[in-house]
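Those sequence lines, one after another, are chains Z and B. Here the first sequence stands for residues 161 to 435, where the numbers follow my numbering. Here the second sequence stands for residues 161 to 435, where the numbers follow my numbering. Glycine is no exception: its CB is placed at the ideal position from the N, C-alpha and C atoms. Keep in mind it's a predicted model, so treat the numbers as computed, not measured. Here's the structure we're looking at; comments come further down.
Number of protein chains: 2
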Amino acid sequence: MQVGFLGFGEVASTISSGLMDNGVDVYTCVIDRTNKTKEIAENTGVKFYNSYRSLAKNSDIIISTVVPSNAFEVAKMVGKYSKGIYVDMNNVSPKTVKQTLGMIKNGKTVDAAIIGSVVEMGLNVKVIASGPFADDFAGLKSFGMNISVVGSENGHASGIKLLRSAYTKGVSALLFESIQHGYKMGIDKEVLKYISETEGKDFIDSAVSRITSAAFHADRRSQEMEEVVEMLSEKQDPVMAKATEEFFKQLSKNIKKPNKRPENYLEVFKLFYGD
Amino acid sequence: MQVGFLGFGEVASTISSGLMDNGVDVYTCVIDRTNKTKEIAENTGVKFYNSYRSLAKNSDIIISTVVPSNAFEVAKMVGKYSKGIYVDMNNVSPKTVKQTLGMIKNGKTVDAAIIGSVVEMGLNVKVIASGPFADDFAGLKSFGMNISVVGSENGHASGIKLLRSAYTKGVSALLFESIQHGYKMGIDKEVLKYISETEGKDFIDSAVSRITSAAFHADRRSQEMEEVVEMLSEKQDPVMAKATEEFFKQLSKNIKKPNKRPENYLEVFKLFYGD
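This is the structure we're talking about:
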């Protein structure tokens with residue numbers, strides 16, 4: 161089994177390591193890529209092709225993990241050479257993923273999305289997949305990947321991921337806004353307590369984690385929300401998603417970004433108010 | 161123990177019944193009130209005073225459960241006659257509750273807020289209370305009320321309630337928006353499933369209940385959010401709360417209100433799209 165990666169950042173590195181441990185041959189190509197990417201690929205210990213064309217021709221499964229804005233261009237570049245199954249694992253909207261996978265001439269395509277943190281979970285991170293060749297891609301479960309097929313249509317996996325993301329990021333923004341106001345009134349602990357009575361026992365820990373994470377990743381969140389808003393705008397006026405995007409934009413502008421993730425929300429609000 | 165109610169709707173009726181069962185004398189006054197209010201008070205079996213002044217003079221504890229827009233006027237009317245403890249149990253902002261309780265000349269005031277549904281919980285519904293006489297008001301626990309003192313300052317109980325409300329109503333709006341989009345794509349069940357993997361096992365039931373309830377009570381929700389937005393606007397630009405208010409305004413405008421609460425969200429979205 162030969163797996164190729166287009167783009168080689170954290171996701172590719174983590175999954176490659178795991179696959180190689182389980183006996184898979186992993187290749188990439190780093191022509192015209194940054195030194196950082198080359199370094200990551202070398203440190204991971206994958207093998208190299210000297211052209212994207214060779215990578216595309218020789219991989220049983222080729223996985224695209226580039227920056228979202230390059231997803232389409234990369235698919236276009238290798239589309240007519242790809243012999244195996246082409247998997248788009250980028251964080252893009254269903255519309256973009258369909259356009260991207262439309263470039264793959266043999267039609268052996270998969271829309272895949274990572275749910276959760278690849279840093280925390282490693283090879284075992286949950287991957288959902290849809291599209292005509294999702295079942296074939298799921299064969300990588302034999303090599304340790306944690307893939308669930310969620311449908312046969314391209315766009316479904318990325319849609320599920322983005323809608324889940326709209327919800328979880330929105331919840332973080334709501335929490336931040338309410339608890340920040342409670343903090344100013346001196347009733348933040350009580351607000352958390354009375355919300356937790358209907359939201360279950362894990363609510364408070366999860367809320368604190370969401371508030372600190374929102375502060376630390378505000379900028380990235382606002383960028384990710386752009387994709388969500390674009391997707392939701394296709395079918396409705398997404399009032400809540402737009403507000404979530406705006407919330408994270410304002411937050412990243414107003415907060416002095418901490419060097420490390422704050423340990424609790426009091427630290428966050430102190431950062432916010434500079435005392 | 162003599163308890164008086166100013167205003168006599170569902171909350172007053174439910175709490176009165178329970179208190180009377182436990183041996184409390186309950187009074188109200190229905191001068192200039194609607195026939196509906198008179199009827200509720202008569203059916204509940206409380207006793208009547210012929211003036212608000214007498215009610216205020218003779219009650220050990222007087223509880224205001226009027227419509228929020230009347231909270232201030234009612235307090236102003238009885239403020240100089242109130243001999244006992246005056247409890248504002250209306251759904252108003254901390255600022256309004258402070259102004260309202262400022263009308264009570266003897267200063268024996270309590271800011272109280274109901275958390276949850278008085279219809280479902282009856283006398284046992286959770287009531288949070290703050291203010292200088294909150295501990296005294298909590299004496300009604302001996303007569304079956306479920307009162308928790310959350311602070312000594314007027315404004316804290318109503319603040320906790322409104323911030324909790326900002327969060328829970330916002331979550332309902334987020335869910336509605338995401339799942340509605342998922343429904344149009346045919347992936348609503350999967351979106352719920354993958355959100356539930358991080359949100360806990362009760363998430364799906366709770367989500368379905370929130371979506372149906374949002375549809376059924378959209379109009380009331382948008383009105384309640386006005387108070388939340390007013391409160392949050394005192395200290396920040398409440399991006400998420402404003403969006404939640406807007407969401408429910410649009411929803412109440414766009415959805416054909418069902419006669420009874422829908423049983424599941426598929427019914428809701430069918431109502432929405434009229435098929």
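Neighbourhood of I222/Z by C-beta distance below 8 Å, restricted to the same chain and skipping five residues each side: V163, G164, F165, L166, L215, A216, V238, S242, G244, I245, Y246, V247
Listed by chain order, chain Z residues near F429/B by CB distance under 7 Å: What F429/B touches in chain Z: nothing, since even the nearest Cβ is about 12 Å away.
Evaluate the contact criterion for the stretch 393-408 of chain Z versus the stretch 338-346 of chain Z: three or more CB pairs, one atom per stretch, below 8 Å. no
Interface residues of chain B facing P398/Z [CB-CB closer than 7 Å]: E337
Is the beta carbon of A375/B less than 8 Å from the beta carbon of V428/B? For A375/B and V428/B, yes; Cβs fall inside 8 Å.
Tell me which residues of the stretch 213-224 of chain Z have at least one Cβ-Cβ distance to chain B shorter than 9 Å, keeping chain order. none
Taking the C-alpha atoms as reference points, what is the distance between A317/Z and A367/B? Going by the C-alpha atoms only, they are around 21 Å apart.
Quick one: what does DSSP say D192/B is sitting in, helix, strand or coil? coil
T174/Z to S211/Z span [Cα, whole Å]: Linking T174/Z to S211/Z through their CA atoms gives a straight-line distance of about 23 Å.
Give me, in chain order, the residues of the same chain whose beta-carbon lies closer than 6 Å to that of I200/B; leave out the 5 immediate sequence neighbours on both sides. Within its own chain, the residues whose Cβ lies closer than 6 Å to the Cβ of I200/B, once the five positions on either side in sequence are excluded, are F168, S173, listed in chain order.
Contact check, P292/B vs T269/B, beta carbons under 8 Å: A contact, by the Cβ cut-off of 8 Å.
Taking the runs of the alpha helix (DSSP H) that are 4 residues or longer, which of them lie wholly in the stretch 231-298 of chain B? Positions of the alpha helix (DSSP H) runs, each at least 4 residues long and wholly inside the stretch 231-298 of chain B, are given as 231-238, 254-261, 278-281, 294-297 in order along the chain.
Kindly list, in the order they appear in chain Z, the residues whose Cβ is closer than 8 Å to that of I347/B. For I347/B, the residues of chain Z that pass the 8 Å Cβ criterion are V310, G311, H316, G319, I320, L323, in the order they occur in the chain.
Which residues DSSP lists as bridging G164/Z, in chain order: Note: G164/Z sits in a beta bridge opposite Y187/Z, I222/Z.
Anything in chain Z within Cβ reach of V442/B, meaning under 7 Å, just list it in chain order. Lying before the first or after the last residue shown, residue 442/B is absent from chain B, which here runs from 161 to 435.
Any residues in the stretch 260-294 of chain B with a beta carbon nearer than 9 Å to a beta carbon of chain Z? Which ones, in chain order? I275, G276, K286, I288, S290
Excluding sequence positions up to five away, which residues of its chain have a Cβ less than 7 Å from the Cβ of V226/Z? L166, G167, V234, N250
Straight-line CA distance for F303/B to N203/B? 21 Å
Looking at the secondary structure, which residues open and close the alpha helix (DSSP H) in which S382/B lies? 378-393
Under 8 Å, Cβ to Cβ, is there at least one residue of chain A near Y354/B? Here chain A cannot be found, since the structure's protein chains are Z and B.
If contacts are defined as beta-carbon pairs under 8 Å, then I307/Z and V278/Z qualify, I think. What distance do you get, rounded to the angstrom? Rounded, the Cβ-Cβ distance is 13 Å, inconsistent with contact.
Residues in the same chain with beta-carbon distance under 8 Å from T197/B, minus the five sequence neighbours each way, listed in chain order, please. Apart from the 5 residues on each side of it in sequence, T197/B sits with its Cβ closer than 8 Å to the Cβ of G167, F168, G169, V190 in its chain, given in chain order.
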